[in-house]
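Novice: Take this structure, written in structure tokens, and hold onto it; I'll ask about it next.
Residue numbers (our numbering): 467 to 581.
Structural data, given as structure tokens:
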């Protein structure tokens, strides 16, 4: 179980979590080790461009929503470099990134859900 799995468990349980993810797949939106805040999300309100914490094919990612399929209640997850991770159901979208280094993400706070 990786570090993002533990964060996903906490967010799925209703907690808002601050952490510092590593990697370069989300540059320049999120750089390695920048502090992010992830809050529980209402997946039905997601739009392309939102950054979410989601499980795709067994792996948890902090990546972009690149497409939405409301009829099938799923979203497509991709990094910020053009790689598509795949589609995942609303039940596997745990949270939305609401801030990066204390800078709020536009529109994200409107998509959080109460715990």
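Backbone N, C-alpha and C define an ideal beta-carbon position, used for all residues, glycine too.
Small disclaimer: the values here were computed from a predicted structure and weren't measured.
1. I'd like the list of long-range same chain contacts for residue 576, defined as Cβ closer than 8 Å, with 5 residues on each side in sequence excluded.
2. Does the beta-carbon of residue 564 have 16 or more other beta-carbons within 10 angstroms, so that it is buried, or is it exposed?
3. Three-state secondary structure (DSSP) at residue 473?
4. Ignore the nearest five residues each way along the sequence and tell me which others in residue 524's own chain have a CB closer than 6 Å to its CB.
5. According to DSSP, which residues form a beta bridge with residue 542?
6. Can you list, in chain order, the residues of its chain with a C-beta nearer than 8 Å to that of residue 591? Leave out the 5 residues immediately preceding and following it.
7. Counting pairs of Cβ atoms below 8 Å between the segment 468 to 484 and the segment 504 to 522, do you hit three or more?
8. From this set, 545, 552, 559 and 534, which residue's C-alpha is nearest residue 495's C-alpha?
9. How close, in whole Å, do the beta carbons of residue 520 and residue 554 come, if the pair is a contact with beta carbons under 8 Å?
10. Only counting the same chain, and skipping five residues up and downstream in sequence, which positions put a Cβ closer than 6 Å to that of residue 503?
Specialist: Based on what the coordinates show:
1. 511
2. Buried, since its Cβ has 16 or more Cβ neighbours within 10 Å.
3. helix
4. Nothing meets the Cβ criterion.
5. 533 and 553
6. There is simply no residue 591 to check, as the chain begins at 467 and stops at 581 in what is shown.
7. Verdict: yes, contact present.
8. That would be 545, whose Cα lies nearest to the Cα of residue 495.
9. 5 Å
10. 484, 564 and 565
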